[in-house]
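*Asks:*
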Amino acid sequence: MRVAPFFWFFLTLLSATFSAQAQTTIQLFDEDASVDLSGNYAIYSEADTPLTIGEILEKKKEFQWYTENNPNFGFRENGLWLSNRISNVSNLSSWVFSINFSQLDKVDFYLVADGEVILQSHQGKLQSEQRFRVPTLRADLPVATPLELYIRVQSHSSSLIVPLSVTPEPIHSASWQIDSTMWGLFYGGLFILAIYNLVLFFQVREASLLAYVGYIVAVIVWQIVWGGHIQVFTGGPSPVWLASHTELIFTIIGMSSGIFSVLFLNTKKNASTAHPIVMALLGAQALVALICLLGVLPITWKHNLVYGVGLAAICSYIYAGFEAFFNRFEPARYFIFAWTMLAAGAVTGMLSLIGLLPSNQFTTYCFQVGVFLESALFSVALMEKSRSQLESEVQQATDDLRNNMELIEEQNARLDIARKDAIKASNVKSQFLANMSHEIRTPLNAILGFSRELGNATLPADQQEQVRIVNTAADNLLSIVNDVLDFSKIEAGKLQINNQPFSPIKELEELVTIMSKSAHSKRLEFVFDMDPLPEKLIGDLFRIKQVLNNLLSNALKFTSSGSVALRVKNKALAHGLQEIEFIVEDTGIGISREGRKKLFSAFSQLDDSTNRSYQGTGLGLVICRELVRLMRGNMNLRSEPGLGSTFTITLKMNRLSHKYSMVPNSRWQGKRVVVFDPIPETRRATAAMLHNLGARVTSVESLTFLKSLTFTPEYLFATLPVSKLDCRDAMLGELVQIPAQQRVLWYSGSEPFNQYPSLTQYFHSQIRMPVTLTKLEDLLHHKTTQHKNPLQSKLDSLPRARVLAVDDMEMNLKLLQTWLRSSPLELTICTSGLEAANRCQSNEYDIILMDVQMPGMDGLQATKRIRKTALNMGTPIIAVTAHAFKEEQERLLASGMDDYLPKPIDQSNLVELIRRWCQSNAQPCNSKPTLDWNLAVERTERDDATARELLSDFVRLLPDSIETIKAGWEDSDFQAMQKEVHRLHGACCYTGVPKLQQIANDLESALKRDKKMLVAELLPVFLEEAEDVDIEAQEWLSKGRPASR
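Numbering (mature numbering (1 follows the signal peptide of the UniProt record, and there is no 0)), first residue to last: -22 to -1, 1 to 1023.
#1: Can you confirm whether the stretch 126 to 141 touches the stretch 46 to 53 when touching is taken to mean that 3 or more C-beta pairs between the two stretches lie within less than 8 Å?
#2: Going by DSSP in three states, residue 662 sits in which element: helix, strand or coil?
#3: Roughly how many angstroms lie between the CA atoms of residue -1 and residue 33, to the nearest whole one?
#4: Does the structure place the stretch 609 to 619 close enough to the stretch 654 to 673 that three or more beta carbon pairs sit under 8 Å?
#5: Hey, how far is the Cα of residue 791 from the Cα of residue 857?
#6: Would you please state the rounded distance, in angstroms, between the beta carbons of residue 125 and residue 65? I believe it to be under 8 Å.
#7: By the DSSP assignment, the beta strand (DSSP E) with residue 827 in it spans what residues?
#8: Please report how far the alpha carbon of residue 738 lies from the alpha carbon of residue 801, in whole angstroms.
#9: What is the residue span of the alpha helix (DSSP H) that residue 253 lies within?
#10: Could you tell me how far apart the beta carbons of residue 781 and residue 844 are, in whole angstroms, since I believe they sit closer than 8 Å?
#11: My output table needs one value for residue 67: the three-state DSSP class, helix, strand or coil.
#12: Assuming residue 534 and residue 546 make a contact with CB atoms under 8 Å, what is their CB distance in whole Å?
#13: Hey, would you say residue 323 sits closer than 8 Å to residue 228, going by beta carbons?
#14: Please state whether DSSP places residue 19 in a helix, a strand or coil.
#15: With three or more C-beta pairs closer than 8 Å as the rule, is the stretch 55 to 74 touching the stretch 155 to 170?
#16: List the endpoints of the continuous alpha helix (DSSP H) containing residue 848.
#17: With DSSP as the reference, identify every bridge partner of residue 101, one or two as the case may be.
#18: Residue range of the beta strand (DSSP E) that residue 801 falls in?
#19: Would you identify the three-state DSSP class for residue 1091, choosing helix, strand or coil?
#20: Quick check on residue 813: does DSSP put it in helix, strand or coil?
#21: For residue 52, which three-state DSSP category applies?
#22: Could you have a look at residue 151 and say whether DSSP puts it in helix, strand or coil?
#23: Suppose the cutoff is 8 Å on Cβ atoms and the five residues either side in sequence are ignored; what does the same chain contact list for residue 862 look like?
#24: What would DSSP say about residue 638, mapped onto helix, strand or coil?
#25: Would you list the residues sitting across from residue 693 in a DSSP beta bridge?
#26: Among the residues of its own chain, which have a CB less than 6 Å from the CB of residue 476, if the five just before and after it don't count?
#27: Taking a contact to mean a Cβ-Cβ separation below 8 Å, would you say residue 906 touches residue 854 in this structure?
#28: Return helix, strand or coil for residue 938, following the three-state DSSP convention.
#29: Between the C-alpha atoms of residue 741 and residue 852, what's the straight-line distance to the nearest angstrom?
#30: What residues in its chain sit with their C-beta under 7 Å from that of residue 40, if we drop five residues either side in the sequence?
#31: Excluding sequence positions up to five away, which residues of its chain have a Cβ less than 8 Å from the Cβ of residue 284?
#32: Would you check if the distance between the CB atom of residue 54 and the CB atom of residue 3 is smaller than 8 Å?
#33: Expressed to the nearest angstrom, what Euclidean distance is found between the alpha-carbon atoms of residue 918 and residue 963?
#34: Taking residue 488 as the reference, which of 752, 204, 120 and 950 has the closest Cα?
#35: Would you call residue 248 buried or exposed, if buried means 16 or more other Cβ atoms sit within 10 Å of its Cβ?
#36: Please return the same chain residues whose Cβ sits closer than 7 Å to the Cβ of residue 299, not counting the five positions on each side in sequence.
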């Protein structure tokens, strides 16, 4: 209820009518506003002896009513007592009394009720109870109780200015926060200016910059002391010496600003009349500083001297600025404006201190505002000075050039004629290029069309390879022609941008799928890092893909090791716009600064050596830059020789859909996914994509840390990078043992399931890197096919041979056991050469796989010992080693080993090697039919007539081929024999004779390896099967049904 406050307010007005001569009692009834008490003072001046509050209460009738509106009581040697009468008639009890002046040495608050002191506080610069930068008293005021507030103030360092106000506590807290923020901005701005100009000084070595920094530091120190912040920072009273010598800091400010003025204006040159005056006043300020330090003058005289000399010095600086400006020193205009503002603020503040102007917020802080603005303008003046100096240098250079203008004008006239001729020639050239490009494209389209048709036709293997070469060459030629055509269109100004809606995710994934395979074929990692993108954008998709394809192709071309990356950044703009940033990075040869200058010149490459190493038209980047420009985008390059290159394309497109891809998905939300990837960039990209989909991701770089995980994730994304191909065996041996609900094998390079077929039982699926949204979606819906073991049939066809594997790495032996588990082979393993030699003393083996480098007895020593055993002296011993040099292979074969198997081991090569060396120990395989008509029809795309025609032609050439092969064997002409077997083997691929095809393949392989004993074993089998094919084919062609054998 508000009845009580109004009641007391009425009583107060009534009592005031009957006591006009009494001091007014201020009623506190508004809880949302501050009340100024400065106009309601009663004052009492002390004599030489300080009085206590008790003594003052006895003398309160001697207080005199203060009738001035300005709470400035001037300089006084003794203390001054002020009293105020208040009454709280509001519903709020918590109020704050504050004196908004920080330079009072001592301020004692006494709150009195019924003649008793109920609250007191002793504050000011020299007392310890002040917690704010100005004297402040927090009090809980009883309601409807007359109160008297007595304040004793005393100060020797400044005049007694007592702007007293009472504020509700919530409003005071908010005001104090604003006050602290404003002072923070004040100090922060000055610090930034000081640091900026100090750094600039170290670069340009301009003396005025250092003087300016000194001036800023002096201002900051003075303001910390003058503004009362030193009590806030130290948590206690100001040092007595510092409090009594505040004017010394003011003098230092004047001197530092004078030094800055002399150096900045170069007064000796630009203000020669003002220079001696400025220097004299600098000396006067130094003398005043000494007088303040010694304290030989009374306080009032000392203050008047400081302020007087300071004002005179400011006037001299302004005069010097005007003189320099009239002497055509342009930066002086900022200098004059800055000093004029500071002088106005300083005069206002000084007049307020000596009582000629009222003390309020404006007069209290106008000097600080002037100092801040002056500092900022000084910084602008310094920049203007630097600009003027630069203009002077440019003007000097211009004057020098003007002396040669006549000669240059004559040359320009000649150049203008040449330029017009060049423009005309360029137009003719562009038209010629456009016409020629069109003329070339017409027959080229026919070449491409028919060559692709031939690629789909049934042709022998060598002709298929020839067709593939024609296709590739035609594609390359078409790409060159398209580049030339686009360039001619750009030069003629006829190339148009066609903006249409498109799906950025789908198109980027298609591009990445193609480029990543090319990167992996070069043993490069491909990084695809993408921000969430809108599902639909409007832009020229064809040109965007053309630019990205060109940049990525260049990155792949010029990178021989490391990685190529495509990063897509996204930022939503106003008005339905989307800013897409495409970043193509590589770790290739890089580009020098000189090379970057001609990089975007048409028909040019970096240098002759680059031309020889990397062929091209030199148009790609020129077209990219122009296409980006036509799409109103930006293209930037950052590159260093040997460190790779980074191209950044920034395009702004209209956003057609507000729905974004790669947002939290319920199917991934909360799922625990462990991403193992030894390549940091691809690991981060994969983790970021899964995190955006809502999965809980744990990124792992090392197998050691992966094995230390104590939880079982729902998905283990195990990555086999192509750059770590040498470690693939060891990594797989460890990964199959990591517990997970589903293991997904991400790979780059060759397919692991083809190389290691048994992995299908350990991994849910294998997926080629990089990770994309579509691949993750397919993974959830089990669209990723479970690859069947493509070598299982070959494993099943292996003979029941006994194999001894020797390796000091148990994981390699475990991998061999995994591969050969489902085969008829009997595998024995040894972990040292000595153990293998001992086993060969008592056991006979059909083939031995021998690691070369082992501790103790190595593979070569073990081979020599095994050759001396009775049971295995003739057993084939295969060297298994990571050495890839031809000299090393020849050394191993010369030492007694029979063959060579490189690491990392490819499973298909291993199976083929075992089958080749152990085939003579097994019975001929009769699992394949002699004639398989269904296979023949399938090879001709279900064309029965073509299949009959091919089989008829094959039967016709078979006798002559057999005779040629026999003659080659009899004449020991193995080269002719190999050539004919190769021709017959190719023909078998399209005629449905799988058994003869297999035997021909084995015979050709033996001939290539010069294994004459194996050729002797295979040749009778081959000739017999050829006769069977002739018989069955003749029966089928004559009767329309196959005979069975």
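For each residue, glycine too, the CB sits at the ideal point set by N, CA and C.
*Replies:* Taking the definition as stated:
#1: Because the criterion of three Cβ pairs below 8 Å is met, the stretch 46 to 53 and the stretch 126 to 141 touch.
#2: Correct three-state label for residue 662: helix.
#3: In this prediction, residue -1 scores a pLDDT of 49, lower than 50, which makes its location untrustworthy; the coordinate-derived value is nonetheless stated afterwards. Each residue's alpha carbon lies about 21 Å from the other.
#4: No, the stretch 654 to 673 does not touch the stretch 609 to 619.
#5: Approximately 15 Å between the Cα atoms of the pair.
#6: Indeed, because the Cβ distance is near 6 Å, the residues count as touching under 8 Å.
#7: Element bounds for residue 827: 825 to 829.
#8: Distance from the CA atom of residue 738 to the CA atom of residue 801, rounded to whole angstroms, is 16 Å.
#9: Taken as a continuous stretch (DSSP letters only), the alpha helix (DSSP H) holding residue 253 covers 252 to 272.
#10: The C-beta distance from residue 781 to residue 844 rounds to 14 Å, too long to fall under 8 Å, and the pair is not in contact.
#11: When DSSP states are grouped into helix, strand and coil, residue 67 belongs to the coil group.
#12: Not a contact, Cβ separation roughly 18 Å.
#13: Cβ atoms of residue 323 and residue 228: not closer than 8 Å.
#14: If DSSP states are grouped into helix, strand and coil, residue 19 belongs with coil.
#15: No, the stretch 155 to 170 does not touch the stretch 55 to 74.
#16: DSSP places residue 848 outside any alpha helix (DSSP H), giving it a letter other than H or E.
#17: According to DSSP, residue 101 bridges with 85.
#18: Residue 801 -> no beta strand (DSSP E), and no H or E assigned at all.
#19: The first residue shown for the chain is -22 and the last is 1023, placing residue 1091 beyond what the model contains.
#20: Reduced to three states, the DSSP call for residue 813 is helix.
#21: Residue 52 sits in coil when the DSSP states are folded into three classes, being neither helix nor strand.
#22: Residue 151 falls in the helix class under three-state DSSP.
#23: Residue placement at residue 862 is poorly supported in this model, since its pLDDT is 45, which falls under 50; the coordinates still yield a value, given next. Sequence-distant Cβ neighbours of residue 862 in its own chain, meaning closer than 8 Å and more than five residues away, are 880.
#24: Three-state DSSP puts residue 638 in a strand.
#25: Note: residue 693 sits in a beta bridge opposite 651 and 720.
#26: If you ignore the 5 residues before and after residue 476, its C-beta comes within less than 6 Å of the C-beta of 518, all in its own chain and listed in chain order.
#27: It is not a contact, given that the beta carbons lie outside the stated cut-off.
#28: In the three-state scheme derived from DSSP, where H, G and I count as helix and E and B as strand, residue 938 is classed as helix.
#29: Between the alpha carbons of residue 741 and residue 852 lies a gap of roughly 40 Å.
#30: So the list reads 22, once near-sequence residues are dropped.
#31: Same-chain partners within the cutoff: 225, 228, 229, 266 and 270.
#32: Their beta carbons are not under 8 Å apart, which means residue 54 does not touch residue 3 by this criterion.
#33: Taking C-alpha positions only, residue 918 is separated from residue 963 by approximately 17 Å.
#34: Ranked by how close their Cα comes to the Cα of residue 488, the residues 752, 204, 120 and 950 have 752 in first place.
#35: With 16 or more other Cβ atoms within 10 Å, it is buried.
#36: Excluding sequence neighbours, residue 299 sits near 243, 310, 313, 314 and 317.
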